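Residue numbers for the sequence shown follow my numbering, beginning at 600 and rising by one.
Inspection log for the structure reproduced underneath, given as structure tokens.
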Amino acid sequence: MISSLTKIRLPTTNEVIYGREYSWGICNIENPDHSDFTLLSTLLGGHICLEAIQLTDYYYKRYFKKRKEKEKKEDTDYAKYGIGALLIGSALGIIVAAKKKLFS
600 MISSLTKIRL
610 PTTNEVIYGR
620 EYSWGICNIE
630 NPDHSDFTLL
640 STLLGGHICL
650 EAIQLTDYYY
660 KRYFKKRKEK
670 EKKEDTDYAK
680 YGIGALLIGS
690 ALGIIVAAKK
700 KLFS
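So, in structure tokens, the structure goes:
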């Protein structure tokens with residue numbers, strides 16, 4: 600496997616490639632006959648992409664599981680205290696927060 604950051608202009612086609620120039624010729628890193636670089640980068644890119652998809656799926660499921668648990672707890676509170684008590688509690692919380700903001 601070879602890699603290179605050097606741009607080389609091919610004398611025959613005037614094409615610019617990444618490669619290495621040797622006394623016996625030029626190795627193009629994007630040519631599968633010269634190097635496994637393209638195959639390896641594709642393999643690693645696919646692996647990283649798959650891991651990102653799996654990690655996103657994990658966090659998505661975890662977030663919604665916690666959200667459902669929170670909603671279930673709130674539903675239990677509604678049944679236990681009645682919706683009126685929860686609305687009054689929420690209103691008091693808003694008033695206290697507003698007072699803190701005004702007097703701080």
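Using N, Cα and C, we set each Cβ at its ideal position, and we do this for glycine too.
All figures in this text were calculated on a predicted structure; none of them were measured in a lab.
Buried versus exposed call for residue i [16 or more other C-beta atoms within 10 Å across all chains shown]
| i | result |
| --- | --- |
| asparagine 630 | exposed |
| serine 634 | buried |
| cysteine 648 | exposed |
| phenylalanine 663 | exposed |
Neighbourhood of residue i by C-beta, 7 angstroms cutoff - its chain only, sequence neighbours within 5 removed
| i | result |
| --- | --- |
| isoleucine 652 | none |
| aspartate 637 | Note on identity: in this sequence residue 637 is threonine, with aspartate being the wrong assignment. If we look at threonine 637 and ignore the five residues flanking it on each side, its Cβ neighbours are Glu629, Pro631. |
| lysine 660 | none |
Top-ranked residue by Cα proximity to residue i, from the options
| i | options | result |
| --- | --- | --- |
| isoleucine 625 | Leu609, Leu638, Leu639 | Leu609 |
| arginine 619 | Asn613, Asn627, Leu642 | Asn627 |
| valine 615 | Lys606, Tyr621, Ser622 | Lys606 |
Spatial neighbours of residue i in its chain, beta-carbon cut-off 6 angstroms, leaving aside the 5 residues before and after
| i | result |
| --- | --- |
| lysine 671 | none |
Residues bridged to residue i (per DSSP)
| i | result |
| --- | --- |
| asparagine 630 | Per DSSP, none; premise fails for asparagine 630. |
| tyrosine 621 | Gly624 |
| lysine 606 | Tyr617 |
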